[in-house]
Structures are given as structure tokens and as C-alpha cells.
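Notes follow once the structure below has been shown.
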Amino acid sequence: MNSDFVLTTCPFCGTGCNFYLEVEDGEIKGVVPCKTHPVSRGKLCVLGRSAHKFVQHPERLKNPLVKKNGRFFETDWNTALKEISERLKKIIEKYGPDSVGIISSAKCTNEENYLIMKFARAAVGTNNIDHCARLCHSSTVEGLRQAFGAGAMTNSITEIDQAECIFITGSNTTSQHPLVASWIISAKQKGARLIVADPRSIPISRYADIYLRIKPGTNIALINGLLHVIIKEGLIDRSFISERTQGFQEIEETVKRYDPDYVSSITGASKELIEKAAILYARSRSMLFYAMGITQHINGTDNVKAIANLSLATGNIGKPATGVNPLRGQNNVQGACDMGALPDVLTGYRRVDDEDARRVFEKEWGVPVPEKKGLTLVEMMNEAEKGSLKAMIIFGENPAISDPDISHVKKALSSLELLVVVDIFLTETAELAHFVLPASSFAEKDGTFTNTDRRVQRVRKAIDPVGNSMPDWKIVCEIAERIGAKGFNYSSPKQIMDEIRRLTPSYAGITYERLESGETIQWPCPSEDHPGTPFLYKDGFPIGKARFFSVEHTQIKPSDKYPFILITGRCPFHFHTGSITRKIERLENEVNEGYVEISRRDAERLGIKEGDTVEVISETGKIEIKAYVSEEIEPGVIFIPMHFKESPANMLVSRKLDPFSKIPNFKACAVNVKRK
Amino acid sequence: MEKEPEEKDGRLWVDRIIIDDVACIHCGECVKACTEENKERNALTNVVQKAIREAKKEKEPNLLQKLIRMDLEERKRFWDSHFVRCIKCYGCIDQCPVREEEEDELRISEWIKQGEVPPRYPEFHLIRAYQVWDRCILCGECEETCPAGIPLKTLQDITQFFSPEDAFKLVPGLSEEAKRKIIDFVRKRMDKNRRMRYEL
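Going down the list, the protein sequences come from chains A and D.
Under this note's numbering, the first residue of the first sequence is numbered 409, with each subsequent residue one higher.
Under this note's numbering, the first residue of the second sequence is numbered 870, with each subsequent residue one higher.
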């Protein structure tokens, strides 16, 4: 018998826990937590503990599929790749490179994201490259870039136990980032104070010192209210504001109107608690955490800027155990952004409209880099439906469930001349494709993931690719070479990383040798002797002085026709569109269908009983779903998890976008609920 | 200055050494034995030494002793404050080295609603602890791997060193029906667990 333990990084959320895959004769038998790992410390959540259970699932795609007369047939790689590249080449020749859209994957490695990005820009010649960060933290990337100069978590998970105060808003941390919550819980046991602001009474709010139950979409009012109290009480950090920031006068003026009475009337949180929370946050060494509850709004970028204001005004940034800490949802969504799988930036967030930046890449790649900003994910769908986007290649994403207004997404994808989906399972998106290519999972390839606190970590091959599947990086190279692109001949992910390091100053010192010797390195790491950066902005901001932005609350007005506010999100036992977790028996046994969480008061008023099937209707669509009557949600607000294709929440969410980041409004959608 | 354990060198088992807070009398014999047997693997000895040093620092009573001194109300508050954090990750179940398939007499699913977080307490935790009553080796893996920081090793100590009747006083709040099931389960296996019993 051949047995082995292979240390690797978890493929689910952005926390970046490590574990060993236990392999016996080519079969993955289990997951063993790694006790020496700095973040996960021998602990894992239910998803991590189940991470081996989908890899060798019988439904894994094992051969390329081609659709003929509406049905899929298995084919060999050569035939599939030849046909794809011929059709792709024709489309590029006939309609130009901007008629092609590429969607990269936050599930793929850094090396793969880099190559997919390079494929779009150097092989196809378009900036139409995006990935699911558009749907989760694009408002963070945009908001924090404007405020601080870089859109990433400023501090480290491992600093949490040194914080005096932890402020969580818009993050159901115990469900979505359980191991970050684990750090928060142990900090609290050591005496840290905890503030939670959330419209739902989530598990972590039960042991908060201060719980602010706010109405959906009132984040800016709350944060401005906290700033009002902090300024009034004289708790601002004057020297920090004058030395390291600009624009404070603007927000000082704005927040004058946000006195506790006014803010209480908007948010629904009590005046006393708002005052207490403001004083506690300002007086302590405070870490602020947020997630989709802040970003996924029509004013997501403004929400993020409000949070940046709060940390700047109190000097809670640029020091250990402080900062603005967006928790990233996917294992490698940070890395996919760092690698430039975005329509406006190259690796390391250098803008495509910056000529100097383009030159660096043109020199390495030997081809011109397009200058015009490309289409975002949701814009690609719109253009596809209109007919100006002709071909798409989608790597490891499932927009037919994850994007807003999915009946439109399905229509858009179906109207393409060429749709290629690269995935490990036949997802709802793959079903619409002309070609489906079988990719290898995290357990079958080498590479790196970058977690939410900018920690670059190794992913290691534990078993050979399942069936005839191939790692995404090899698939990209195959297609690139077949459409005649140069510079896609790599022997290993290490070789790709060396190219990334040459082009990306923040990754320059992150070598495979260092990672192999057991290091996990947090960017920026500009040279091989640099230890990495646990917290950002110690000695200044990349934009010189950090910027305050004056932001205002905008009221969501429920109409008579759609009187409820819908929040979409996750449940602890499933991940995103469920294409992986719903195939894991233990998780499916826990929760196997969608539900709408509705307050007891609303349920009684509408005559809805627990378990009844109800109709939820929005301007965009309609679904039928089981009711779950709960004390943990405000009247007037409902919650639906996004994972279940049988009752897809995204049938209801509209395509309206935040103007700056183009993020959709997954967290406050006007709907109505009716008894069936 | 002692060299810190090399992460690469035997990492998997180096980080798996835990000193049992209840059983350790700080004699230091394990350090001696480890040094003699393992001259080349410095790391292993360091881990043991560090653990002993830290254990000795604590002059306070351990958690089990504290619990014994509490009244019923305090014990309930204590355990509730821990169990409410459970995220049902199944770590205490998956990492248990002696756990086998559930037996019909004591099934978690009989008491616990699927999909609910935190799972009903103390039912979930006591039933899980008693499922391994006749074979628990008190290794503490359940506590080590618990992301919610629930003192599960102490829970195991309680179920192992006390009668179920006393255990239900140390971890109060279990339904009468579940108590009966557990007592029946334990009675049928009395010959299999030879641990010393203490009385409250």
C-alpha cells in the first residue's frame, strides 16, 4: 500500500486554512488538520473537513464534452481543443478581440489566474476579463483603493488576539469564515470587547458586548453616526488625521447631521448603544471586519468608504491589531484580483490605462496590451444578450446561479456563438455551453492561493488528475498555442510564478523555495530577503495621504407592491452555487433545500406557517420556496440562501449596479411574499 | 537558546503531542525518555519541554476542579456559554481516533435537528461524548480541533471519571429522556470501561 499525507490549502473560503490530504493508493481518504499552521491551528470548519469528499466524486467530468443537437457527447482533447480554437480564431478575426469575454476563477490558483489574464490580454487581445470578485468585493477593491491605495485586508487574522475591540458588520463570521470567528472568540475569551452590527441576529451577535440590530441598507447612516459621536466626544486621533490623511473637514461637516437620534430613527438601533459602540471603538485598539453585508449594495463603494473614514478618524490603521479587514469569500479571490483577472488592472493592480505599466508587460510578453478598460462580468452578460459579445470562455464559475437576474444570464449565455466552460462538474452554466472541458481540482495540481490576509500559500498535488481532466493552466496554454499565441509554453506552475514575480513587485520575493520551506508569505514582499507584510500602511499610504470621503445615507423605500427587503446570502453548510457542497452527503443531509427566513410577525400577518410553500416575487422574477419562521430577523426583512438551484435567490435580484464598482445589489432587493 | 522545532521535520507528528492537563503531575519523565530515545529529533523534545513549562506555570486549579466547585446554575451558564458557539463542524467526531459507526441505541440524529446551528445543547455534546464511553482514550483531539474553543477534553474527563448521574450534574440541562438513554447505554457496557470512578 502506498500512503501519504500531503499538506495543502483549503479550497473553500478565503481564510486559507491548511490541512493534510490523506492519500492511500491514489485515493483521498480524509482530511487531517495541520496544528502548526498559523491561521487554522489544527482546527477546521465543516466544509474544510469535507474537502476531500468531492474530489473523486463519481459525477466529476472526465472527458471533454461537445454539444450536438442539444445533447452532450464525450470527445477527446485534441478534437475539442482544435474545434474550440478554430471557432475562437474565426470570431476574433470577424468581430475583433473585444467580441470575446473571459471569466477567470477565484477557485483557481494564482498561476492559473495569471495565465487566464495573460490569455485574454496577450493571446486574444482584449481586457474583457473578470471573475466573481465583481459580485463580492469589487466595491472593496474600488473603495479602499481610493481611500488607502490598495484594496485588500489591511491586517492579519493572527493579530486578532491582540485587539482590544473587534467590530463586525455585514459578516456572518461563524458561518462564512468560521476559523476567523474562532480567533475572534478566543480574543473575546481573553478580554477583547465585541461589537456586531447586522440586520439579522446571527450566531456571533449572541455573544457580542454591543449588538446593533440595524435595518438593511443603513450602514452609512450607522457609520456616520458613530463618527458623529466620536468627533463630539473628542475621541478622534488628531495627529494621525493631520499627518497622514486629507479631506477630514469634508466629513466633519457631513456627519454633523448624523446625531444619535437621527441615526437611531434610520437604523433602528438604540441611541445609547450607538453612543456606547462609538466610544468603545474609538478608545480601543480596534479591528474592523466586514463582508458582503457592506459590499453587495447599490452603494457598496460608499459603504466601504464610510468604514475607511471610521478607521482613519480614530487612527485605527497602520498598526498591529487594527485596520479595515474585508473578509474575502473564495479561497483565492484575493489572488485572482492580485493577478489582474479584472478588466481595468494588470497584476499588482497596475492600471491598463497607465502606459508605463503596459510597457512592462508588453516587454515580457512581446505583444501590445490593449489600453481600453474591458467589460465587467455583469456587463459581459448584457453585451452577450445584445449580441455584441460573441464568445465566452468561463473557468470554474457558475453565473447561471450566482449572478443577478439569472433568467437574463441564461438567455445571454445561450445567445453566444461560442461558449466554452471549464469546470470539474457539469454545472448549470456548463449545461448551456457548446464545449465543456474537464478541469482538475485543487487536489490534483500544484500552485498557490492567496488568502484573505494576503498570505500566499502552497496548493500541492495529492493525486493524479481524475479521468482525463487537466489543470486549468494546461488548458489555457493548449488553447493559447492553438490560436497562435506565443509565450504559453510552461513546464510547471513554479515557472509561471517566476514570471509573475518578475512583473509584480508585491510578489517579487515570494519564491516556491521559500514556500516549500514552510513559510506562508503575506504580500507586499518586494524581495527574497523580505519577511512579508502582516499589516499594511505602517510607514505611509501608497497614495501619499489617505483620503476621507464624504458619503451620505440613501433611503431604500419599499413600495406597496414590493414591501419586503430581501437579503441573499449563505448558510453554514453550503458554499455559493452548491456545485461542490451539494454533492457532499454530510452537507446535503444538513440542508437540502432553499428556504425563506421570515419574521414571526410577518408570517402571522400573512397566515404563513413554518414549512408552507410561499411565492417570493420581485420586479425581476418569481420563485416558490419553503417558509422558515424565525425570531432572528426583523419584520419587513426576509433572507434566502443562494445555493439552491431549485429555488434560486438570484431569480429575484435585479441587474442594477453600484456605479463605481459595478457590484450588484444582492443585499437589499425589494420583494413581496405571498402565501401559495 | 533552544532551537524551535523545524516545521518541515516530522511536522505531522511533532505538532500532535499534547500534555493532558488533568493527568499530568509534572514529573518530567517524558522529557527524559524523549531525549534519550530521540537524540536526532530535537524538535519532539522541545515541544514536550515547552508544554511542561507552560503547564507548570499554571498554579490555578484546572477546569474540572473549578467546575466541581461551581453550583448547578453556574455550571449550566458555563457550558451554555460554550455550547452556544458550536458551529457543528463535526471536528469532535471526525478527529476522534476511537470513534466508530453510531449504534442504534444512541444516535445523534434522534435528538438533533439537521441544519440547525448551534445544534441543541447539551444533547449534541453529551451524546457524542457517551458514544465513545467504552473506548475514549482521553487524547483530547476533540478539544484540540474545536474551532469554537469548547473545552471538550474536560467534557470527556467528566464522562470518563464520573457516573452518568454525576456527569449530568456537572453538565446540567439534559432532557430526562436523553439521560435515561445514556444511562441504559452505559449500563450495558459497564464491563468495557475500567477507568477509576470518582464521586461528586
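Note that the Cβ used here is the ideal one computed from N, Cα and C, for glycine as well.
(message) To the nearest angstrom, how far is the alpha carbon of K969 (chain A) from that of L1060 (chain A)?
(response) 14 Å
(request) Report the rounded CA-to-CA distance for S609 (chain A) versus Y615 (chain A), giving the unit in angstroms. (result) 11 Å
(message) Could you check if M800 (chain A) belongs to the surroundings of the ligand COA, using beta carbon to heavy atom distance under 8 Å?
(response) The ligand COA is not part of this structure, which contains no ligands at all.
(message) Strictly below 7 Å CB to CB, what residues from chain D border I593 (chain A)?
(response) R954, A1017 and G1018
(message) I want to verify the contact list: residues of chain D whose CB lies under 9 Å from the CB of N477 (chain A), in sequence order.
(response) Here the premise fails: no neighbours, minimum Cβ distance about 41 Å.
(request) Ignore the nearest five residues each way along the sequence and tell me which others in G633 (chain A)'s own chain have a CB closer than 7 Å to its CB. (result) Y666, P668, V671 and I682
(request) Rounded to whole angstroms, what's the CA-CA distance from M870 (chain D) to K957 (chain D)? Just pull it up for me. (result) Because the pLDDT of M870 (chain D) is 39, which lies under 50, any placement of that residue in the model is unreliable, and the number read from its coordinates should be weighed accordingly. In a straight line, the C-alpha of M870 (chain D) is about 42 Å away from that of K957 (chain D).
(request) Give the straight-line distance between the Cα atoms of F427 (chain A) and P441 (chain A), rounded to the nearest whole angstrom. (result) 4 Å
(message) What would DSSP say about T653 (chain A), mapped onto helix, strand or coil?
(response) strand
(request) For the alpha helix (DSSP H) holding E1032 (chain A), just list the boundary residues, first then last. (result) Premise fails: E1032 (chain A) lies in the beta strand (DSSP E), K1030 to S1038, not in any alpha helix (DSSP H).
(message) Quick check: the Cα distance between L620 (chain A) and V959 (chain A), rounded to an integer number of angstroms?
(response) 21 Å
(message) Quick check: what's the CA-CA separation for A1076 (chain A) versus E1034 (chain D)?
(response) 51 Å
(message) Using a Cβ-Cβ distance cut-off of 9 Å, determine whether V1001 (chain D) contacts chain A.
(response) no
(request) Per DSSP, which residues does M800 (chain A) bridge with? Please list them. (result) A:G509 and A:L827
(request) Can you tell me which of the three DSSP states D412 (chain A) falls into? (result) strand
(message) Measuring straight from C-alpha to C-alpha, what distance separates S564 (chain A) and N521 (chain A)?
(response) 24 Å
(message) Within 9 Å of any Cβ in chain D, is that where the Cβ of Q597 (chain A) sits?
(response) yes
(request) Kindly indicate if chain A contains any beta-carbon less than 9 Å away from that of Q964 (chain D). (result) yes
(request) Counting only runs of 3+ residues fully inside the segment 857-927 of chain A, write out the beta strand (DSSP E) ranges in chain order. (result) 863-867
(message) By the 7 Å beta-carbon criterion, what residues does the segment 922-949 of chain A contribute toward chain D?
(response) S925 and G926
(message) Less than 8 Å between C-beta atoms, sequence neighbours within five positions excluded: which residues of the same chain meet that for R1064 (chain D)?
(response) Q1029 and F1030
(request) Rounded to whole angstroms, what's the CA-CA distance from C418 (chain A) to C965 (chain D)? Just pull it up for me. (result) 21 Å
(request) Starting from the C-beta of E876 (chain D), find all residues in its chain whose C-beta is less than 6 Å away, skip the five residues before and the five after it, and write them out in chain order. (result) Because the pLDDT of E876 (chain D) is 46, which lies under 50, any placement of that residue in the model is unreliable, and the question is left without a value.
(request) Grab the span of the beta strand (DSSP E) containing P734 (chain A) for me, first residue to last. (result) V732 to P734
(message) Whole angstroms are fine: how far does the CA of W980 (chain D) sit from the CA of R1058 (chain D)?
(response) 21 Å
(message) Distance check for V637 (chain A) and E839 (chain A), CA to CA, integer angstroms please.
(response) 54 Å
(request) Please check the pair R1083 (chain A) and G1015 (chain A), which I expect to be a contact at CB under 8 Å, by giving their CB distance rounded to whole angstroms. (result) 6 Å
(request) From the DSSP output, in three-state form, read off R955 (chain A) for me. (result) strand
(request) Output, in sequence order along the chain, the residues in the segment 432-462 of chain A whose CB is closer than 7 Å to any CB in chain D. (result) P441, K443, T444, G450, K451, L452, C453, V454 and R457
(request) Give every residue of the same chain whose Cβ lies closer than 8 Å to the Cβ of L995 (chain A), excluding the five residues on either side of it in the sequence, and list them in chain order. (result) V454, L455, S458, F981, H982 and T989
(request) Could you say if the segment 565-585 of chain A and the segment 723-735 of chain A meet the contact criterion of at least three C-beta pairs nearer than 8 Å? (result) yes
(request) Examine chain D for any beta-carbon lying closer than 9 Å to the beta-carbon of C885 (chain A), and answer yes or no. (result) no
(request) Indicate the three-state DSSP secondary structure (helix, strand or coil) for P846 (chain A) in the structure shown. (result) strand
(request) Would you please verify whether the beta carbon of P728 (chain A) is less than 9 Å from any beta carbon of chain D? (result) no
(message) Determine, for E998 (chain A), whether the minimum Cβ-Cβ distance to residues of chain D falls below 9 Å.
(response) yes
(message) Please classify K713 (chain A) as buried or exposed, where buried requires at least 16 other C-beta atoms within 10 Å of its C-beta.
(response) buried
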